[in-house]
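Take a look at the structure below.
2 protein chains.
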Amino acid sequence: MTEPTKFTLTEDRIPTHWVNLMADLPGDPLPPLNPGTMEPAGPDDLTPIFPMALIGQEVSADPEVEIPEPVREVYKLWRPTPLYRAHRLERALDTPARIYYKYEGVSPAGSHKPNSAVAQAYANKEAGVERLATETGAGQWGSALALACSLFGLECVVYMVGASYDQKPYRRAMMESWGATVIRSPSDTTDSGRAQAAHPTGSLGIAISEAVEVAAGDADTNYALGSVLNHVCLHQTVIGQEALAQMEMAGDEPDVVVGCVGGDSNFAGMAFPFIRRVLRGEARTRFVAAEPAACPTLTRGVYRYDFGDTVGLTPLMPMYTLGHDFVPPPVHAGGLRYHGDSPLVCALVKQGLVEARAYKQNETFEAALRFARTEAILPAPEPAHAIRAVIDEAKAAKQAGEQRVILLNLCGHGHFDMSAYEAYIAGKLEDPEFSEADMEAALERLPEAPAIA
Amino acid sequence: MTEPTKFTLTEDRIPTHWVNLMADLPGDPLPPLNPGTMEPAGPDDLTPIFPMALIGQEVSADPEVEIPEPVREVYKLWRPTPLYRAHRLERALDTPARIYYKYEGVSPAGSHKPNSAVAQAYANKEAGVERLATETGAGQWGSALALACSLFGLECVVYMVGASYDQKPYRRAMMESWGATVIRSPSDTTDSGRAQAAHPTGSLGIAISEAVEVAAGDADTNYALGSVLNHVCLHQTVIGQEALAQMEMAGDEPDVVVGCVGGDSNFAGMAFPFIRRVLRGEARTRFVAAEPAACPTLTRGVYRYDFGDTVGLTPLMPMYTLGHDFVPPPVHAGGLRYHGDSPLVCALVKQGLVEARAYKQNETFEAALRFARTEAILPAPEPAHAIRAVIDEAKAAKQAGEQRVILLNLCGHGHFDMSAYEAYIAGKLEDPEFSEADMEAALERLPEAPAIA
Chain Z
-16 MTEPTKFTLT
-6 EDRIPTHWVN
4 LMADLPGDPL
14 PPLNPGTMEP
24 AGPDDLTPIF
34 PMALIGQEVS
44 ADPEVEIPEP
54 VREVYKLWRP
64 TPLYRAHRLE
74 RALDTPARIY
84 YKYEGVSPAG
94 SHKPNSAVAQ
104 AYANKEAGVE
114 RLATETGAGQ
124 WGSALALACS
134 LFGLECVVYM
144 VGASYDQKPY
154 RRAMMESWGA
164 TVIRSPSDTT
174 DSGRAQAAHP
184 TGSLGIAISE
194 AVEVAAGDAD
204 TNYALGSVLN
214 HVCLHQTVIG
224 QEALAQMEMA
234 GDEPDVVVGC
244 VGGDSNFAGM
254 AFPFIRRVLR
264 GEARTRFVAA
274 EPAACPTLTR
284 GVYRYDFGDT
294 VGLTPLMPMY
304 TLGHDFVPPP
314 VHAGGLRYHG
324 DSPLVCALVK
334 QGLVEARAYK
344 QNETFEAALR
354 FARTEAILPA
364 PEPAHAIRAV
374 IDEAKAAKQA
384 GEQRVILLNL
394 CGHGHFDMSA
404 YEAYIAGKLE
414 DPEFSEADME
424 AALERLPEAP
434 AIA
Chain X
-16 MTEPTKFTLT
-6 EDRIPTHWVN
4 LMADLPGDPL
14 PPLNPGTMEP
24 AGPDDLTPIF
34 PMALIGQEVS
44 ADPEVEIPEP
54 VREVYKLWRP
64 TPLYRAHRLE
74 RALDTPARIY
84 YKYEGVSPAG
94 SHKPNSAVAQ
104 AYANKEAGVE
114 RLATETGAGQ
124 WGSALALACS
134 LFGLECVVYM
144 VGASYDQKPY
154 RRAMMESWGA
164 TVIRSPSDTT
174 DSGRAQAAHP
184 TGSLGIAISE
194 AVEVAAGDAD
204 TNYALGSVLN
214 HVCLHQTVIG
224 QEALAQMEMA
234 GDEPDVVVGC
244 VGGDSNFAGM
254 AFPFIRRVLR
264 GEARTRFVAA
274 EPAACPTLTR
284 GVYRYDFGDT
294 VGLTPLMPMY
304 TLGHDFVPPP
314 VHAGGLRYHG
324 DSPLVCALVK
334 QGLVEARAYK
344 QNETFEAALR
354 FARTEAILPA
364 PEPAHAIRAV
374 IDEAKAAKQA
384 GEQRVILLNL
394 CGHGHFDMSA
404 YEAYIAGKLE
414 DPEFSEADME
424 AALERLPEAP
434 AIA
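Protein chains in written order, with the numbering used here: chain Z, -16 to 436; chain X, -16 to 436.
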């Protein structure tokens, strides 16, 4: 019990640069495509909805991108985040593994999402934009952007997936407390929304279509996305860089790095600085991406070009996909209910650098409760998937008699997900099935696009 | 903007001792009284519900009490908590004041409450107790004790005030996630509960009666209280000790220390280490205690002996009181809806060392929203009272042209109080009136007891 528990960095240790993994990836990255021309999407495709600074980050070939000082100043409100050694969980599992977790839930919005929201709000403010439009599913990203806009004096409009809007009034109240306008999606404020009125519970893909439409149609409004894109993954690399420094403080080297994946921003944020070391031959590390069995993009999807949204307003992106109009069954990990994944992470999975695993809802909540009753923190349903994978790794280490070192990104708390815990404790949580037939049908509606080698 | 924002201590800086202010208070403390004999309540009055270690802390005359190592180990899961300089709030107020806040919301239960819950669970576990019974209003204390019991392998039963039980299912789910049993109060599981069936929405005083009755009637069960008592205030002094070290890092000396008061544990935890310096002539500091105008114990109550609970099962305590069966009107700051206050804090108010101020509900939420939109954190309704006082102090400093240094204890976040924010934003939050007539009537039902000089 005298071994250290918490590894703390002072605010001067907030990274000065983001890590751009693209610079280290072998070969040229597959470009996004303009769906009309099938030519690589250029800045002209993106300027209607993104400021040039973010477009530059999206396509940057520099290995590092400097973090603007005003963004670092805001990061100080919660960063650096703590890294913990999970002594109590290790003892409960009776494992020789050493488990560490980086806790991003200390941010005011309760997750890692503000790391990118603040960077995006700042870039838009500097570009003279007055308002940001975005979508949110479970509410984590919408909360983060509402907060960031509040700090930089921008207006914020959030299209919230209908089902979440109805089920999570407190997430909505949180966004409104930070001054955002929250609109139930599908709404009658956009063509995209009106066209999807037949799907009253909405989906992330529909909400993205609505927000993109608003941004594209108004010169003073831009769009902000909380995951998937390169610049979002870039912003999140503050997580992994801090974790590298903290693991060094702990005197340990991770054998395996674990995170959950939906649009991949928390996974990328933790993993990319570690993957760069692997690509440079400086370390040997495994990477495990945990996704819901109800929306198993990486483990069951196809690798090809698809839209990022349901309606088809975005450029085509090279990724594992279940089909852009596949509607995942309702699981509480709303942040993981996305038909695609980040192109960068998909490429790493394709290359065998990242291993994907899918977990059912109940087994993830069993893991979350085990974590809460040993390590005290109540995890969000999304990282509960990663905790499930961590426990499996720790059990495997025990069976193998290995002192495996496991590093988890605990990307958020579950304070706004207690109804899911309630259902799990009452034995009423379902394990909705992934529908292969639905995916097959959605794949038949994929856009025409060049095949990926 | 290059001035430091966050003052961070590493885990080796968690205090090794709690500060016992009693040792420094002038004169002998007024003892609690056995209501049957009117003699000072001794250990025999308390052993049915508290372990000897805590009784020893309750009456200790030692200036410092060592923190058991297993308690410090658990503290490492969230302590030391950060201290912030509120640069953004200062700029928004255009004040020459320098505002600092200590943030206790980083604990897994979301408030300062686990500081004492962990100490109490440990002491009971060491004494061979199997189960703890307690009450909770808004849910902060119940959550904290559920967490602490989970970490030390104790059973936990929480009597939750009926109105909160109905309005806050997510707080209940949080306690159950940590393994506690939550019972709606008044319940039919106790005589006290059955006797109060005519008050179906319950009150903190009734819930205390139920929990004390359960503990007194079962040898394996003890009682735990989250505020008021000396040993609870003692445990919370980790807050102020850390803040002392952090203010030294900041190179600043507080002119005024501000906290909210209900049962006073967060106020005492922050203030006592600073008050000790004042009592020893080492510093000149003002102390402001902020309470709800709907339950204005310190500003409107009488100073005399009264019961701690509604039914009258506890010893009589010397305190400001509105009468033990006064039922405060419903405000969202459930943690401040208590007819009395901590005897130690009451004595300090009586002696003029602490100044009390009362605030209405809407003006506290206006302050909370201002804080959230500048400093990012969404405060709980309880510390919103203290934030109101901080803003008033900062405005007064501006008027006086003073570089006043203000230190706030931000004792918890508002993630489980979003319905209150929702009501405030919608303009539907009420300012319930304190009823002087109700207080006068309650005071007529005060127990016979010696007057306090």
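C-beta: ideal position from N, C-alpha, C; glycine also.
Model, not experiment: these values are computed from the prediction.
1) Would you mind giving the Cβ-Cβ distance between glycine 120 of chain Z and valine 144 of chain Z, rounded to the nearest angstrom? I have them listed as a contact below 8 Å.
2) Is the distance from the Cβ of valine 271 of chain Z to the Cβ of leucine 319 of chain Z below 9 Å?
3) Residues of the region 269 to 303 of chain Z in Cβ contact with chain X at a cutoff of 8 Å, in chain order, please.
4) State buried or exposed for lysine 59 of chain Z, treating a residue as buried only when at least 16 other CB atoms are found within 10 Å of its CB.
5) Could you tell me if methionine -16 of chain X is buried or exposed, where buried requires 16 or more neighbouring beta carbons within 10 angstroms of its beta carbon?
6) Output the residue ranges of the beta strand (DSSP E) runs that lie fully inside the region 17 to 58 of chain X and measure 3 residues or longer, sorted by chain position.
7) For cysteine 394 of chain X, does the three-state DSSP call read helix, strand or coil?
8) Roughly how many whole angstroms lie between the Cα atoms of glutamate 193 of chain X and threonine 293 of chain X?
9) In the structure shown, what three-state DSSP assignment does histidine 218 of chain Z receive?
10) Quick one: does threonine -9 of chain X have its CB under 9 Å from some CB of chain Z?
11) Using the DSSP secondary-structure output, state which residues sit across from alanine 116 of chain X in a beta bridge.
12) With valine 197 of chain X as the anchor, note down where its alpha helix (DSSP H) starts and where it stops.
13) In whole angstroms, what separates the C-alpha of glutamate 338 of chain X from that of asparagine 249 of chain X?
14) Given that tryptophan 161 of chain Z touches chain X, what residues does it touch there, using C-beta distances under 7 Å?
15) Can you check whether the C-beta of isoleucine 360 of chain X is within less than 9 Å of a C-beta belonging to chain Z?
16) Please work out which residues of its chain come closer than 7 Å, Cβ to Cβ, to glycine 284 of chain X, disregarding the five sequence neighbours upstream and downstream, and give them in chain order.
17) Please confirm if the region 142 to 156 of chain Z is in contact with the region 376 to 391 of chain X, defined as three or more CB-CB distances below 8 Å between the two stretches.
18) Interface residues of chain Z around proline 364 of chain X at Cβ under 7 Å?
19) Grouping DSSP H, G and I as helix and E and B as strand, with all else coil, what is proline 9 of chain X?
20) Are any of the Cβ atoms in chain X nearer than 9 Å to that of tryptophan 478 of chain Z?
21) Taking 9 Å as the CB-CB cut-off, is tryptophan 1 of chain Z touching chain X?
22) Going by DSSP, what residues sit across from tyrosine 67 of chain X in a beta bridge?
23) According to DSSP, simplified to helix, strand and coil, what is arginine 443 of chain X?
24) If we ignore side chains and look at the alpha-carbon of each, how far apart do glycine 88 of chain X and tryptophan 124 of chain X end up?
25) At 3 residues or longer, and completely inside the region 322 to 375 of chain X: list those beta strand (DSSP E) runs for me, N to C.
26) Chain Z partners of isoleucine 38 of chain X, CB-CB under 9 Å?
27) Flag this pair as yes or no: are the beta carbons of glutamine 103 of chain Z and alanine 181 of chain Z separated by less than 9 Å?
28) Identify the contact partners of serine 133 of chain X in chain Z, using a Cβ-Cβ distance below 9 Å as the criterion.
29) Looking at the unbroken alpha helix (DSSP H) that takes in leucine 128 of chain X, where does it start and where does it end?
30) For the region 129 to 140 of chain Z against the region 247 to 261 of chain Z, do three or more pairs of beta-carbon atoms, one drawn from each stretch, fall closer than 8 Å, so that the two count as touching?
31) Using DSSP with H/G/I as helix, E/B as strand and the rest coil, what is glutamate 416 of chain X?
32) Going by DSSP, what residue range makes up the alpha helix (DSSP H) through leucine 299 of chain Z?
33) Under 8 Å: does the beta carbon of alanine 377 of chain X sit that close to some heavy atom of the ligand FAD?
34) Just the chain X side, please: which residues come within less than 9 Å of isoleucine 166 of chain Z by C-beta, in chain order?
35) Taking the alpha-carbon of glycine 25 of chain X as reference, which of X:Asp289, X:Leu299, X:Glu346 and X:Gly136 has the nearest alpha-carbon?
36) Can you grab the Cα-Cα spacing for the pair alanine 100 of chain Z / leucine 128 of chain Z, in whole Å?
From the atom records:
1) As a first step, residue 120 of chain Z must be located in the first sequence, where it is residue number 137. As a first step, residue 144 of chain Z must be located in the first sequence, where it is residue number 161. Cβ atoms of glycine 120 of chain Z and valine 144 of chain Z come within 8 Å of each other, at about 5 Å.
2) Taking the first residue of the first sequence as position 1, residue 271 of chain Z is located at position 288. Taking the first residue of the first sequence as position 1, residue 319 of chain Z is located at position 336. Not a contact, by the Cβ cut-off of 9 Å.
3) Listed by position along the chain: nothing, the set is empty.
4) Taking the first sequence and counting its residues from 1, the one referred to as residue 59 of chain Z is at position 76. Counting other Cβ atoms within 10 Å of its Cβ, lysine 59 of chain Z reaches 16 or more and is therefore classed as buried.
5) Position 1 of the second sequence, counting from 1, holds the residue named residue -16 of chain X. Low local confidence applies: a pLDDT of 48 at methionine -16 of chain X is under 50, so the model's placement there is unreliable, and no value is given.
6) List check, beta strand (DSSP E) in window: 47 to 49.
7) Start at 1 with the first residue of the second sequence, and residue 394 of chain X comes out as number 411. For cysteine 394 of chain X, the secondary structure class from DSSP, reduced to helix, strand or coil, is coil.
8) Here residue 193 of chain X is taken as the residue at index 210 of the second sequence, counted from 1. Here residue 293 of chain X is taken as the residue at index 310 of the second sequence, counted from 1. A direct Cα-to-Cα measurement between glutamate 193 of chain X and threonine 293 of chain X gives close to 10 Å.
9) Taking the first residue of the first sequence as 1, we reach residue 218 of chain Z at position 235. Secondary structure at histidine 218 of chain Z: helix, using DSSP grouped into helix, strand and coil.
10) Here residue -9 of chain X corresponds to residue number 8 of the second sequence, with the count starting at 1. Closer than 9 Å: yes.
11) Against the second sequence, residue 116 of chain X aligns to sequence position 133. Looking at the DSSP output, alanine 116 of chain X bridges to X:Val140 and X:Tyr206.
12) Counting from one through the second sequence, the residue named residue 197 of chain X turns up at place 214. Taken as a continuous stretch (DSSP letters only), the alpha helix (DSSP H) holding valine 197 of chain X covers 187 to 199.
13) Position 355 of the second sequence, counted from the first residue, corresponds to residue 338 of chain X. Position 266 of the second sequence, counted from the first residue, corresponds to residue 249 of chain X. Approximately 16 Å, taken between the alpha carbons.
14) Walking along the first sequence from the start, residue 161 of chain Z turns up at place 178. Think of a sphere of 7 Å around the beta carbon of tryptophan 161 of chain Z: the chain X residues whose beta carbon falls inside it are Ala355 and Arg356, in chain order.
15) The count along the second sequence starts at 1 and reaches residue 360 of chain X at position 377. True, the Cβ-Cβ gap to chain Z drops below 9 Å.
16) Here residue 284 of chain X is taken as the residue at index 301 of the second sequence, counted from 1. Cβ within range, chain order: Tyr303, Thr304 and Leu305.
17) Counting Cβ pairs under 8 Å, fewer than three are found: no touch.
18) For the purposes of this step, residue 364 of chain X is taken as the residue at position 381 of the second sequence. Those within 7 Å of proline 364 of chain X in chain Z number zero; the least Cβ separation is about 12 Å.
19) In the second sequence, residue 9 of chain X corresponds to position 26, counting from 1. Here proline 9 of chain X sits in coil by DSSP.
20) The displayed coordinates of chain Z run from -16 to 436. Any statement about residue 478 of chain Z would go beyond what the structure contains.
21) As a working mapping, residue 1 of chain Z is identified with position 18 in the first sequence. No Cβ of chain X is located within less than 9 Å of the beta carbon of tryptophan 1 of chain Z.
22) Numbered from its first residue, the second sequence carries residue 67 of chain X at position 84. Paired residues: X:Lys(-11) and X:Tyr84.
23) Since the displayed chain X opens at -16 and closes at 436, residue 443 of chain X lies outside it and no answer follows.
24) Your numbering for residue 88 of chain X matches position 105 in the second sequence. Your numbering for residue 124 of chain X matches position 141 in the second sequence. Taking the Cα positions, glycine 88 of chain X is about 13 Å away from tryptophan 124 of chain X.
25) Complete beta strand (DSSP E) runs here, min 3: 338 to 342.
26) By 1-based counting over the second sequence, the position of residue 38 of chain X is 55. Within 9 Å Cβ-Cβ: nothing; isoleucine 38 of chain X doesn't reach chain Z, min ~27 Å.
27) For this step, residue 103 of chain Z is matched to residue 120 along the first sequence. For this step, residue 181 of chain Z is matched to residue 198 along the first sequence. The answer is no: Cβ separation not under 9 Å.
28) Translated into positions along the second sequence, residue 133 of chain X becomes position 150. Near serine 133 of chain X (Cβ distances below 9 Å), the residues of chain Z are Ala355, Arg356, Thr357 and Ala359.
29) Your numbering for residue 128 of chain X matches position 145 in the second sequence. For leucine 128 of chain X, the enclosing alpha helix (DSSP H) stretches over residues 123 to 135.
30) Touching, no, given that fewer than three Cβ pairs across the two stretches are closer than 8 Å.
31) Position 433 of the second sequence, counted from the start, is the residue given in the question as residue 416 of chain X. Coil at glutamate 416 of chain X, not helix or strand.
32) Counted from its first residue, the first sequence places residue 299 of chain Z at position 316. Not the alpha helix (DSSP H): leucine 299 of chain Z falls in the beta strand (DSSP E), residues 299 to 304.
33) Ligands are entirely absent from the displayed structure, and the ligand FAD is therefore not among its contents.
34) To locate residue 166 of chain Z, count along the first sequence from 1; it is residue 183. The premise fails here: isoleucine 166 of chain Z is roughly 16 Å from chain X at the closest Cβ pair, so nothing lies under 9 Å.
35) Translated into the one-based positions of the second sequence, residue 25 of chain X becomes position 42. Measuring from the Cα of glycine 25 of chain X, the nearest candidate turns out to be X:Leu299.
36) Counting from 1 along the first sequence, the entry for residue 100 of chain Z is found at position 117. Counting from 1 along the first sequence, the entry for residue 128 of chain Z is found at position 145. Counting only the Cα atoms, leucine 128 of chain Z lies some 5 Å from alanine 100 of chain Z.
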